[in-house]
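Student: Counting along the sequence shown from 1, when you hit position 961 you're at 960 in numbering that gives the first Met the number 0, and nothing is skipped either side. Starting off with a structure, shown below.
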Amino acid sequence: MAKRAANGAVSEVESAHGSKRARREETRESDEDYEEDENRPTQPSLTQAQRDLALGDDEAFEAKYRDQVRREIEEKGARRAQKTGEIAEYGIIEKIELINFMCHSRTTVPFGPQINFVIGHNGSGKSAVLSGIAIALGGRSASTGRGTGLKSFIKEGEGVAEVTITLKNEGLDAYRPDVYGNAIKITRRFTDKGSSSYTIKGAKDRFKKTISSKREELTNITDHMNLQVDNPVVVLTQDTSRQFLASSKPKDKYQFFLNGTSLTQLSDEYETILESLKKTETILQSKQTVVPDLKRQFTEAQSKYREAQAAQQQSQRVEELEKEMAWAYMKRKKIQMEALVTDHETAKKNVEKAQAHVDDAQNDLKTAEEEISSASQQEEADDNAGSLEDQRRKIREEMKNKKDRLRETKSQMSEMNNALQQCNSAIKDLTEKINAEEAKLQDGRRELRDKLNLDMERVMKQTKAEESNLTECQANIKNLSQLIQTKQAERREISLSKDKLQNDINAAQHNIQRLEDSQRNAINKFGSNLHRALADIDQHAWKGQKPLGPLGQFVELKDGRWAEVMRIYLGTLMASFAVTDARDREPLSRILQKHGNQQPNIIVGEVDLFDYSRGEPPENVLTPLRILTIKNDWVIRLMINSAFIERTCISRTRAEAQQLLDTVQGVSVVLSADLMRSQKYPDGGFFTSAMRKLRSDDRANWYFTGADPVEQIRVEREKLASLEKEYNSITPRIQEIDTEGRAMTGKVKELQKLESNLRGKVFKLKDELARLNEQAEEEAPASVQGLQEARKEEEERKQSIIDQFKAVADREAALNSELKPLVEKLDDIRKQAERTERRNIENKRKLEPLLERRLMAVKNVEHYQKKLEAAMKDLDEASRAEGIVVTEYDEWLREALNISQPIETDRTPESIEAETEIIKKALRDRERRHGQSIEEIAQEVQSTQEALDRTREELKSIKSFNKGLQLAMNLRLDTWHIFRRHISLRTKQQFSYYLGQRGYRGSIDFDHRLHTLDLRVITDESNPHAKDKDPKALSGGEKSFSTICLLMSLWEALGCPIRCLDEFDVFMDQVNRHIAMQTMVSTAKASDKKQYIIITPLDVSSNIAAGVRIHKMADPERGQTQLPFASAS
């Protein structure tokens, strides 16, 4: 608050000074007036002693106002008994929370708005509450008297402590209520490492949100609410209260008075301002010595300027000539501009013609590319025919299954025919028997029938036994047949593996031979005996340049991840040759075929190093060109023309390829590392196909391997050894399977022979049984009805067989109908494979002239594009030149119009410049004599005059400001002394009033010149002659009571809304304590917008009244036990 008052004084002086400057006219004062003001001495400031004498005697002031102040205090005391003070709306403490602070693990103390007593036994942490208030509100740790640093306040054994205090924030004067609401929660957290931080939050619904964590915000809050926690009168600790009267000197008491009433802070700040005034006065005196030198320089400059004015007339002719010369240049610039405008129009027409040629060439190129794309599409479709062999294999397997089922069906039909014949035969026999039985006579041969029955029973048992043996034999034959089939299937599978291994062995041997050949001649990996072929090429006389090739010798792959897809995509092109004259194709082909290279790929084209950058996709998209290192510029162009390596894109997966086609403009073909080719057509359609894999014996398998040939040969030899080892291990297994198969086949034959014997036995037994049956039937009178029923059963069995036969016949027809489309489809696949092969040959034949046509179209596009670029460049240069000259013309025109109105002249700029130079030379001669030009002299006059005026104004402004500041300081010092005098008088009378409540008398003696304060107390009011006592002579209770009286007297001069007092009554007797307590309670109740926090270890239950809140601290946990003292005997 004192700081704001001091700052306010300075602000008033600055405001007054600023208004004077605003009202001051800009006209200069005369030199005489300035010198008079300059020599006028500045009024010195008064010392503090002089101001004390000027303000009069303090004793006279006290004599004049003592009674009046006494009456006001007594009247106020009388009113206090009848009223209760208003509750503060802001600035008071609602509660404090202590976590790991001193002796508290977690304690919360709520406070009432007026009077609060914190009581408890010694060691319960009462004083820690007071220390927590000071620490939370930003007070210094030393002011608490409890520690030298924040670390000393952390509870023993803990690493961090927190103190949280909640301030009331209501009413019209609340601090930022729109932000904080009706309460402000301040948390100070500090650790044993020395770190400290603040967290400031708002009202209850905002406590979870931190509004600020800056110390500046806490300072703004305490300043706004006038909370002075470092003021010893606001927060009086028990150590300060004990030592104040007992050991303090008069000067210490006086300083305590000044600190408690904030007069010290004002005094210190005023002293700082006065010191600054003295320094400013010193600076002014040094600046005043500069003014005479500035006046002399200004006079000298004026003299030179008057001399230079004589030459001014000669400059007028120069100005007229310069105006004429400006318009002469304008005339020349206009002619130049008209010529460049004509050139620009001509360049525009040339660009239009070149663009038309480029459009025609691009249309031809587009047509060629569409035809190539169509042919490539057909080839891709033909590539899909690679799966025809799989389809053929699947169809053959399906046909085999259906034929097996058809054979089984025919077998069933044969068995049914046999059964049907048996039924017909049985029906015929039964019919004959029925006819014979009807004619039979009565039975007369019983014995013969019994014998026949016994024979039949014996034969039936033998038949049943033999049939069982037959069934077991058939089951064994079936099991062995299945085992034979399994062995045969295993042998077929192993034979296929053996054949594959033989092919792999042949391929490995071929690869080793090829690698050894390549090791001797690296070029041979691109073809057979190429080193000899190249030697023949060197010796041949060619129509054009010597053929270039194979192209692969100039190509390297940067990243092995793309090796496989590049082998497939560029395999043929890597082994290709190029010639510049079509007549050289045939002799080159003969040379290559002579050395074993059948159907060589030869490209015909000129050496055209065209610019291909316009066809490339964005830089972040991979292309074959970007993943390859090609060491020959012509090879790059040949591969671009043949394989579009500059615009075909590369991706890791098919999904990424689709994403590129969807998102990147201009991308039409993408090859992925998973060997898929994706294409986007101009109409928006997409087509994706699998790339045709290389055969194991294809030379392209050795492209882009990146390995050393010696290492490759070693790997291939190891592979060959492994294959041969595996091949040799298969042969014994086949022999073993064959041996087992022959053994099982012999066993089957034995069983089949046994089966045949058993069938013969069964047949004979059944035949004998049939004979016996016939004989028995002939001898026995059979029932006609039974025979008829047997015939009926046979007829029903016959009908059942016929029905079953129809179902089997239908199944046979269905199988035949299913076999027919399979046979047709197999034939279609064979024909389709033949057509595909023919189309591939035809497509390759058609594609070559299309590629040549595209190459010519590309060359035409490049040719006309270059012409267009040249025409565009000419147009740009013409446009730029026209723009420059038009801009220059406009600028020159504006500058010329600024110089003068248009002037018609037939003179050239050079002739005008010559005349001007003659006059300027004369002016330069005068400048050499004087050393400066007219402009420089005029500038010197102006600058010296401005420097003189500026210095005078600065001196006058600073003097005026200093004077105003001195007046403001004198006023502030007067106010400070008056304030001190009033506070001193009121403190004296208030102290005497509070002592009278106990029946004491006393006084405070101030000596403001010596800065001393003495207390006098008379404890025997009944004796008018009793002498006053020095505080050191008072008893403990009298000292404590006197301290309370002085403290309450100083409280009356404080604006802070809180007062804190720690253990004021420790040394008081009951009477003094009772009176002191009543006085404080009554004073606190009657105080407006003040909160009192009083700490005492004694009981205060007798002082409980409205507005009084008592918080009792829990007893300390000592952990003590009784000492083992022996009792006296």
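Glycine included, every Cβ here is placed at the ideal spot set by N, Cα and C.
If I follow the unbroken beta strand (DSSP E) through E96, where does it start and stop?
Tutor: 89-100 is the extent of the beta strand (DSSP E) around E96.
Student: If you follow the beta strand (DSSP E) that H1110 is in, where does it begin and where does it stop?
Tutor: From DSSP, the beta strand (DSSP E) with H1110 extends over 1107-1111.
Student: Can you tell me which of the three DSSP states T647 falls into?
Tutor: Reduced to three states, the DSSP call for T647 is coil.
Student: My understanding is that K557 touches D583, with C-beta atoms under 8 Å, so please give their C-beta distance in whole angstroms.
Tutor: Actually they are not in contact, since the Cβ atoms of K557 and D583 sit about 33 Å apart, beyond 8 Å.
Student: Need the endpoints of the beta strand (DSSP E) that S165 sits in, please.
Tutor: According to the sequence provided, residue 165 is Thr. The question's Ser does not apply to it. Start and end: 159-168.
Student: Does DSSP put A689 in a helix, in a strand, or in coil?
Tutor: Reduced to three states, the DSSP call for A689 is strand.
Student: Return the residue from the list E1051, R997, G1054 that minimises the CA-CA distance to A1075.
Tutor: For the residues E1051, R997, G1054, the minimum Cα distance to A1075 belongs to R997.
Student: By DSSP, does P546 sit in helix, in strand, or in coil?
Tutor: The answer is coil: DSSP assigns P546 none of H, G, I, E or B.
Student: Here's the rule I'm using: 16 or more other beta-carbon atoms within 10 Å means buried, otherwise exposed. How should Y89 be labelled?
Tutor: With 16 or more other Cβ atoms within 10 Å, it is buried.
Student: Going by Cα to Cα distance, which pick from N600, P731, D580, S588 is closest to L569?
Tutor: The shortest Cα separation from L569 among N600, P731, D580, S588 belongs to N600.
Student: I believe N772 touches M415 by the beta-carbon criterion, under 8 Å. Please report the beta-carbon distance rounded to the nearest angstrom.
Tutor: Between M415 and N772 the Cβ distance is about 25 Å, and since that is not below 8 Å, they are no contact.
Student: Just to confirm, is the Cβ distance from A808 to M412 under 8 Å?
Tutor: Yes, Cβ-Cβ distance for A808 and M412 is below 8 Å.
Student: Considering only the alpha carbon of each residue, which of T986, V578, R560 lies closest to T652?
Tutor: For T652, the nearest C-alpha among the options comes from R560.
Student: Within 10 angstroms of its Cβ, does H1110 collect 16 or more other Cβ (buried), or is it exposed?
Tutor: Counting Cβ neighbours within 10 Å, H1110 comes out buried, since at least 16 surround it.
Student: Can you tell me the Cα-Cα spacing of N700 and E876, whole angstroms?
Tutor: Those two C-alpha atoms are separated by around 54 Å.
Student: Which residues bound the beta strand (DSSP E) around G131?
Tutor: Premise fails: G131 lies in the alpha helix (DSSP H), 125-135, not in any beta strand (DSSP E).
Student: Does the Cβ of Q227 have 16 or more other Cβ atoms within 10 Å, making it buried, or fewer, making it exposed?
Tutor: So Q227 ends up on the buried side.
Student: Is there a C-beta anywhere in chain D that falls below 8 Å from the one on T1018?
Tutor: Here there is only one protein chain, and chain D is not present.
Student: Note down, in chain order, each residue of its chain lying with its Cβ closer than 6 Å to the Cβ of Y611, except the 5 sequence neighbours on either side.
Tutor: Correct list, in chain order: I639, E645.
Student: Beta-carbon within less than 6 Å of K150's beta-carbon, same chain only, minus the 5 sequence neighbours each way: which residues are those?
Tutor: Closer than 6 Å at the Cβ level, and outside the excluded window around K150, lie D191.
Student: Residues bridged to H103 by DSSP?
Tutor: In DSSP, H103 forms a bridge with F100.
Student: Report buried or exposed for L764, applying the criterion of at least 16 other Cβ atoms within 10 angstroms of its Cβ.
Tutor: L764 is buried by the Cβ-count criterion.
Student: Give the C-beta separation of P1115 and G122 to the nearest angstrom, bearing in mind that I take them to be a contact with Cβ-Cβ under 8 Å.
Tutor: That belief holds up - the Cβ atoms of P1115 and G122 are roughly 4 Å apart, short of 8 Å.
Student: Kindly indicate which three-state DSSP category N115 falls into: helix, strand or coil?
Tutor: Note: N115 maps to strand in three-state DSSP.
Student: Who are the near neighbours of D363 in its chain, counting only those whose CB is closer than 7 Å to its CB and skipping five residues on each side?
Tutor: Only A856, N859 meet the Cβ criterion.
Student: With DSSP as the reference, label R951 as helix, strand or coil.
Tutor: R951 falls in the helix class under three-state DSSP.
Student: Pop quiz: A577 and P546 are said to be a contact at Cβ under 8 Å. What is the actual Cβ separation, rounded to whole angstroms?
Tutor: Indeed, because the Cβ distance is near 7 Å, the residues count as touching under 8 Å.
Student: Take every Cβ of the region 747-758, pair it with every Cβ of the region 467-481, and state whether three or more of those distances are shorter than 8 Å.
Tutor: The answer is yes - the region 467-481 touches the region 747-758, with three or more Cβ pairs under 8 Å.
Student: Taking the alpha-carbon positions, what's the Q544 to V340 distance?
Tutor: Cα-Cα distance, rounded: 48 Å.
Student: Could you tell me whether the Cβ atoms of P617 and C648 are closer together than 8 Å?
Tutor: No, the Cβ-Cβ distance between P617 and C648 is not below 8 Å.
Student: Mapping DSSP to helix, strand and coil, what is F990?
Tutor: Here F990 sits in helix by DSSP.
Student: Check the C-beta distance from L874 over to V350 and give it rounded, since I have them as a contact under 8 Å.
Tutor: Contact flag correct, Cβ pair sits at about 5 Å.
Student: Taking the straight line between their C-alpha atoms, what separation do you get for M459 and D403?
Tutor: When rounded, the distance between both Cα atoms is 37 Å.
Student: Express the C-alpha separation of V178 and T1095 in angstroms, rounding to a whole number.
Tutor: Going by the C-alpha atoms only, they are around 37 Å apart.
Student: Between which two residues does the alpha helix (DSSP H) holding E615 run?
Tutor: First-last for E615: undefined, no H or E at that position.
Student: Please name the residue in A562, V666, A173 whose C-alpha comes closest to that of D673.
Tutor: Checked all of A562, V666, A173; the closest Cα to D673 is A562.
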